[in-house]
Amino acid sequence: MTTKSKSTKAKPAPADDRLRVRKTYKLYIGGAFPRSESGRSYPVHSASGDLLAHAAQASRKDLRDAVVAARKAFAAWSGATAYNRGQVLYRVAEMLDGRREQFAAEVAESEGGSPAAALAQVDAAIDRWVYYAGWSDKYAQVVGGTNPVAGPYFSFSLPEPTGVVGVVAPQDSSLLGLVSVLAPVVALGNTAVVIAAEERPLPAASFAEVLATSDLPGGVVNLLTGFTAELTPWLAGHRDVNAVDLTGVAVPDRKALQIKAADNVKRVYAPAAADWSADPGISRLGAFVETKTVWHPIGV
Amino acid sequence: MAKPVLSARAKNQKHSFEYAPAPESRDIARLKPSYQIFVDGKFRDGSGEAVKTINPADEQPLAEVAEAGPADVNDAVAAARRAFDGPWSKMPGKERGKYLFRIARAIQERGRELAVLESLDNGKPIREARDVDVPVAAAHFFYYAGWADKLGYGGFGPDPRPIGVAGQIIPWNFPLLMAAWKIAPALACGNTVVLKPAETTPLSALVLAEIIAEADLPPGVVNILAGGPAIGQALVEHDDIDKIAFTGSTDVGKIIQRTLAGTPKRLSLELGGKAANIVFEDAPIDQAVEGIVNGIFFNQGQVCCAGSRLLVQESVADELIASLQRRLTTLRVGDPLDKNTDVGAINSAAQLARIRELTDSGVDEGATRWSPPCELPERGFWFAPTVFTGVSPAHRIAREEIFGPVLSVLTFRTPAEAVEKANNTPYGLSAGVWTEKGSRILSMAAQLRAGVVWANTFNRFDPSAPFGGYKESGFGREGGRHGLEAYLDH
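Residue numbers (this note's numbering), protein chains in the order written: chain E, 934 to 1233; chain U, 6 to 495.
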């Protein structure tokens, strides 16, 4: 694929004669690419103000459908072996690497900045999948273990995924930011409903195509484009969402969502602004896991 | 679903033995006529009301407690802040740890006194207070004492810092033990605390304050405020608190979570439960029966992780229930201070009313109610061990936390159905599995959405074993290395 796009660039003249086939940007729910059930879309502009496309404007019902898909996918994804999940995450990196020029162009259009800077972001996003792919079968050994209880029992504790996680992707970083919040959620077996950056949704919508071709079971990641303020209250209040990541919500808007999140004791992750190029560490992995302790008697 | 039939034998069986009384001496509790709150290293009368705390076993007053008022909350938080900024957070971990070791030892030294006091104030059998509450409380301090100078090895960075002032609110079911679960890790990590015990059970925490004072902890490191919900609310809303740790009902937990929305305060919640205790047909029935009894009648079922839903495989349901009923006829219900007592008093009139209301709903909704023949004392808050059969998953007694000695029995046919029914609850604190098949234990343990899974045992607690909930049973862990996280800024 890389070769192909390179060769296209190398021969611009014939391409100009040809009428380009434009892409319809759609939602990604349960492994399928529907338009919003509401039939709505909204114009998306480049950093310099040009119209890029009309993105699907997801509705409350789309969000609920996405939660249903995420819940349905949870048992199999959380029950998959950690090795298998690691390979799937690595496959995402492979697929993304194959389309790095395309994503660099989309990121540059969405966010502005130099092509080199956009390419660096894409590369960092690829590396982030590789990073979290490696964590999937190591985290339990790092944070889990046996408990030396005072009695004839074998007791151990291990991390398990929290469940369905609602993710509000960062508004500033359309691809690297998205990947940085999404990969740690799914690496350990959670499934996700992601609301893409409102004004820069196109790299996310294209990224759903990468996910769809990466052996990731449908429903593990569901990606919505639309208006953050419209969708987030339904996400935060949804009774079948176990946790929310409010990274992409402006700090003054977080309180109202945190109040809604308490309706079913959601885990709320609402970190300070992040530098997406920095070492991600493990705090995001730890935000969406539960510790399970198992006991069994020892005897003959 | 099969409706297990009550066996004629269980119905007709009478107590076979009369037991001579084996009372523990009430004097050992060294009850004082009045108790004071503990603020900034000093005991003083709170500015709230002076209330009588009563013995739930006979409704007689035990002592008067000068409860805290809002001004005391301010003073306690200010004292905790001074202690944090002053000596405590700067003290080398090994010195902090030695204070905690002192507390652990002092609890052991005064163990019998504390056990009797706890039994009197709570209504729990002295056997449980003596064998569980007090020794495990001491063990918690001993365990976390050792962490104080080893925090860098805990996996939270090379030099993890304390959070600051922690407000801690605990329930009435394990008053001393919950105080230990809260205070020990907080102090080990270098935080200072303001602890509020439950309104109906303040005494053991105030004796713990004596122990802390005698251990010469710097003033303000631990402050203990007796009081009701208003004091808890004042603590939660206080601007100079950095962290809230709450154990109690899911309803109150949600209120606290909402209250802290938009603030930088950290929160850990240990809330309600509706645990499934799952018995497969290959389980050793006698052991399972003991585990079921321990699961739901330990502490009168007033345990957030109680095994309140018995899921039994249909093929052994009749046999198991008959065996369970036989066993329940031998349970001794009565004087909590009698060393032979298995089931003591319900903690309060309010809790008794809730248990009655929910059990009445069980009858109204069509389940079959059974209790062993037992004479309950005339005075005090008493409720006979109760088993409901023919329970549907839609019944309130299958969905709501009763927090009393009431077991709801449901049946299942396949392991998949057991998992489905067990997880069909907003709670996720604990679960039990009884089977001789190892691979089934591990498979069930993996599929049950609960923070603690007891296999072929139930209601085991240890300071080294993390404890806490999934879903609406709360978040954060208490116990073990994991328990440090709730008190470290990392």
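Don't be surprised by glycine CBs; every beta carbon is placed ideally from N, CA and C.
- Query: Should the segment 990–1003 of chain E be regarded as contacting the segment 951–967 of chain E, the criterion being three or more beta carbon pairs within less than 8 angstroms?
  - Reply: Verdict: yes, contact present.
- Item | Ordered list of alpha helix (DSSP H) runs contained in the segment 1165–1231 of chain E, each at least 4 residues | Runs found: 1184–1194, 1216–1220.
- Item | residue 95 of chain U - containing alpha helix (DSSP H), residue span | As a first step, residue 95 of chain U is located in the second sequence; it is residue number 90 there, counting from the start. Neither: residue 95 of chain U is in no alpha helix (DSSP H) and is coded neither H nor E.
- Message: Would you call the segment 454–468 of chain U in contact with the segment 1082–1090 of chain E, where contact means no fewer than 3 C-beta pairs closer than 8 angstroms?
- Response: The segment 454–468 of chain U makes contact with the segment 1082–1090 of chain E, as at least three CB pairs between them are under 8 angstroms.
- Item | Boundaries of the alpha helix (DSSP H) in which residue 215 of chain U is found, first to last residue | As a first step, residue 215 of chain U must be located in the second sequence, where it is residue number 210. Annotation: the continuous alpha helix (DSSP H) that includes residue 215 of chain U extends over 208–219.
- Item | Straight-line gap, residue 1102 of chain E to residue 1057 of chain E (C-alpha atoms, nearest Å) | Translated into positions along the first sequence, residue 1102 of chain E becomes position 169. Translated into positions along the first sequence, residue 1057 of chain E becomes position 124. Going by the C-alpha atoms only, they are around 16 angstroms apart.
- Query: Are there 16 or more other CB atoms within 10 angstroms of the CB of residue 257 of chain U, so buried, or fewer, so exposed?
  - Reply: One-based indexing of the second sequence puts residue 257 of chain U at position 252. Buried, since its Cβ has 16 or more Cβ neighbours within 10 Å.
- Query: Thinking C-alpha only, which one of U:74, U:152, U:104, U:205 is nearest residue 60 of chain U?
  - Reply: Locating residue 60 of chain U in the second sequence gives position 55, where the first residue counts as 1. If we check each option's Cα against that of residue 60 of chain U, U:205 comes out closest.
- Message: Can you pull the chain E neighbours of residue 274 of chain U, defined as C-beta to C-beta under 8 angstroms?
- Response: Taking the second sequence and counting its residues from 1, one reaches residue 274 of chain U at position 269. The contacting residues are 1198.
- Message: Along the chain, where does the beta strand (DSSP E) containing residue 459 of chain U start, and where does it finish?
- Response: Position 454 of the second sequence, counted from the first residue, corresponds to residue 459 of chain U. Unbroken beta strand (DSSP E) run through residue 459 of chain U: 457–460.
- Query: At a CB-CB cut-off below 8 angstroms, which residues of chain E make contact with residue 215 of chain U?
  - Reply: Translated into positions along the second sequence, residue 215 of chain U becomes position 210. Contacts between residue 215 of chain U and chain E, judged by CB atoms closer than 8 angstroms, are missing: the closest CB pair is about 26 angstroms apart.
- Item | Beta-carbon proximity check, residue 44 of chain U vs residue 196 of chain U, cutoff 8 angstroms | Taking the second sequence and counting its residues from 1, the one referred to as residue 44 of chain U is at position 39. Taking the second sequence and counting its residues from 1, the one referred to as residue 196 of chain U is at position 191. The Cβ-Cβ distance between residue 44 of chain U and residue 196 of chain U does not fall below 8 angstroms.
- Task: Could you tell me if residue 276 of chain U is buried or exposed, where buried requires 16 or more neighbouring beta carbons within 10 angstroms of its beta carbon?
- Result: If you number the second sequence from 1, residue 276 of chain U lands on position 271. Around the C-beta of residue 276 of chain U, 16 or more other C-beta atoms lie within 10 Å, and the residue is accordingly described as buried.
- Task: Kindly indicate which residue of U:125, U:389, U:443 has the alpha-carbon position closest to the one of residue 33 of chain U.
- Result: Against the second sequence, residue 33 of chain U aligns to sequence position 28. Nearest C-alpha to residue 33 of chain U: U:125.
- Since residue 437 of chain U is in the alpha helix (DSSP H), which residue starts that stretch and which ends it? Here the question's residue 437 of chain U lines up with position 432 in the second sequence. Not the alpha helix (DSSP H): residue 437 of chain U falls in the beta strand (DSSP E), residues 435–439.
- Message: Let me see if you follow: with CB-CB separation under 8 angstroms, is residue 472 of chain U close to chain E or not?
- Response: Position 467 of the second sequence, counted from the first residue, corresponds to residue 472 of chain U. Chain E contact via Cβ: present.
- Message: Excluding the 5 residues flanking residue 107 of chain U on each side, which residues of the same chain have their C-beta closer than 6 angstroms to its C-beta?
- Response: Looking up residue 107 of chain U in the second sequence gives position 102. Apart from the 5 residues on each side of it in sequence, residue 107 of chain U sits with its Cβ closer than 6 angstroms to the Cβ of 220 in its chain, given in chain order.
- Compare the C-alpha of residue 280 of chain U against each of U:355, U:407, U:83 and name the closest. In the second sequence, residue 280 of chain U corresponds to position 275, counting from 1. Ranking U:355, U:407, U:83 by Cα distance to residue 280 of chain U puts U:407 first.
- Hey, quick one: how far does the alpha helix (DSSP H) through residue 428 of chain U stretch, first residue to last? Position 423 of the second sequence, counting from 1, holds the residue named residue 428 of chain U. Unbroken alpha helix (DSSP H) run through residue 428 of chain U: 420–428.
- Per-residue DSSP class, three states only, for residue 179 of chain U: In the second sequence, the residue the question calls residue 179 of chain U occupies position 174. When DSSP states are grouped into helix, strand and coil, residue 179 of chain U belongs to the coil group.
- Item | Straight-line Cα distance separating residue 1091 of chain E from residue 1214 of chain E | If you number the first sequence from 1, residue 1214 of chain E lands on position 281. If you number the first sequence from 1, residue 1091 of chain E lands on position 158. Inter-residue distance for residue 1214 of chain E and residue 1091 of chain E is about 19 angstroms (C-alpha atoms, whole angstroms).
- Roughly how many whole angstroms lie between the Cα atoms of residue 379 of chain U and residue 1198 of chain E? Taking the first residue of the second sequence as position 1, residue 379 of chain U is located at position 374. Taking the first residue of the first sequence as position 1, residue 1198 of chain E is located at position 265. Spanning the two alpha carbons is a distance of roughly 40 angstroms.
- Looking at the unbroken alpha helix (DSSP H) that takes in residue 1087 of chain E, where does it start and where does it end? The sequence position of residue 1087 of chain E within the first sequence is 154, counting from 1. That residue, residue 1087 of chain E, is in no alpha helix (DSSP H); its beta strand (DSSP E) goes 1086–1094.
- Query: Per DSSP, residue 472 of chain U is paired with what?
  - Reply: Mapped onto the second sequence, residue 472 of chain U falls at position 467. Answer by DSSP bridge pairing, in chain order: U:483.
- Message: Distance check for residue 86 of chain U and residue 75 of chain U, CA to CA, integer angstroms please.
- Response: Along the second sequence, one-based indexing puts residue 75 of chain U at 70. Along the second sequence, one-based indexing puts residue 86 of chain U at 81. Taking the Cα positions, residue 75 of chain U is about 17 angstroms away from residue 86 of chain U.
- Item | Cut-off 7 angstroms between Cβ atoms - residues of its own chain near residue 299 of chain U, not counting five sequence neighbours on either side | One-based indexing of the second sequence puts residue 299 of chain U at position 294. Excluding five sequence positions before and after residue 299 of chain U, the CB atoms of its chain that fall closer than 7 angstroms to its own CB belong to 463, 464, given in chain order.
- Hey, could you find the ends of the alpha helix (DSSP H) residue 1020 of chain E is sitting in? Counted from its first residue, the first sequence places residue 1020 of chain E at position 87. It spans 1015–1031 - the alpha helix (DSSP H) in which residue 1020 of chain E sits, taken as one unbroken run.
- Message: With a threshold of 6 angstroms on Cβ separation, who are the neighbours of residue 55 of chain U within its own chain once the five nearest residues in sequence on each side are excluded?
- Response: The residue you call residue 55 of chain U lines up with position 50 of the second sequence. Cβ neighbours of residue 55 of chain U beyond the five flanking positions: 69, 71.
- Message: Quick check on residue 475 of chain U: buried or exposed, where buried means 16 or more other Cβ atoms within 10 Å of its Cβ?
- Response: Numbered from 1 along the second sequence, position 470 holds the residue referred to as residue 475 of chain U. Looking at its Cβ environment, which holds 16 or more other Cβ atoms inside 10 Å, residue 475 of chain U is buried.
- Query: From residue 40 of chain U to residue 211 of chain U, what does the alpha carbon distance come to, in whole angstroms?
  - Reply: Reading the second sequence from its first residue, position 35 is the one you call residue 40 of chain U. Reading the second sequence from its first residue, position 206 is the one you call residue 211 of chain U. Per the coordinates, the alpha-carbon of residue 40 of chain U lies some 7 angstroms from the alpha-carbon of residue 211 of chain U.
- Message: In whole angstroms, give me the CA-to-CA distance for residue 237 of chain U and residue 1194 of chain E.
- Response: In the second sequence, residue 237 of chain U corresponds to position 232, counting from 1. In the first sequence, residue 1194 of chain E corresponds to position 261, counting from 1. Distance between residue 237 of chain U and residue 1194 of chain E, taken at the CA atoms: about 22 angstroms.
- Task: Consider the Cβ of residue 459 of chain U: report whether some Cβ of chain E lies at a distance smaller than 8 angstroms.
- Result: Looking up residue 459 of chain U in the second sequence gives position 454. By this cut-off, residue 459 of chain U is an interface position.
- Item | Neighbour flag for residue 1043 of chain E against chain U, beta carbons, 8 angstroms | Within the first sequence, numbered from 1, the residue matching residue 1043 of chain E stands at position 110. So no, residue 1043 of chain E is outside the interface.
- Residues near residue 1106 of chain E in its chain [Cβ-Cβ closer than 6 angstroms; skip 5 each side]: Working through the first sequence from its first residue, we reach residue 1106 of chain E at position 173. Closer than 6 angstroms at Cβ, skipping near neighbours: 1209.
- Looking at residue 1000 of chain E and residue 1100 of chain E, is the spacing between their C-beta atoms short of 8 angstroms? Residue mapping note: residue 1100 of chain E aligns to position 167 of the first sequence, counting from 1. Residue mapping note: residue 1000 of chain E aligns to position 67 of the first sequence, counting from 1. No, Cβ-Cβ distance for residue 1100 of chain E and residue 1000 of chain E is not below 8 angstroms.
- Can you say whether residue 1184 of chain E is buried or exposed, counting buried as having 16 or more other CB atoms within 10 angstroms of its CB? As a working mapping, residue 1184 of chain E is identified with position 251 in the first sequence. Label assigned to residue 1184 of chain E: exposed.
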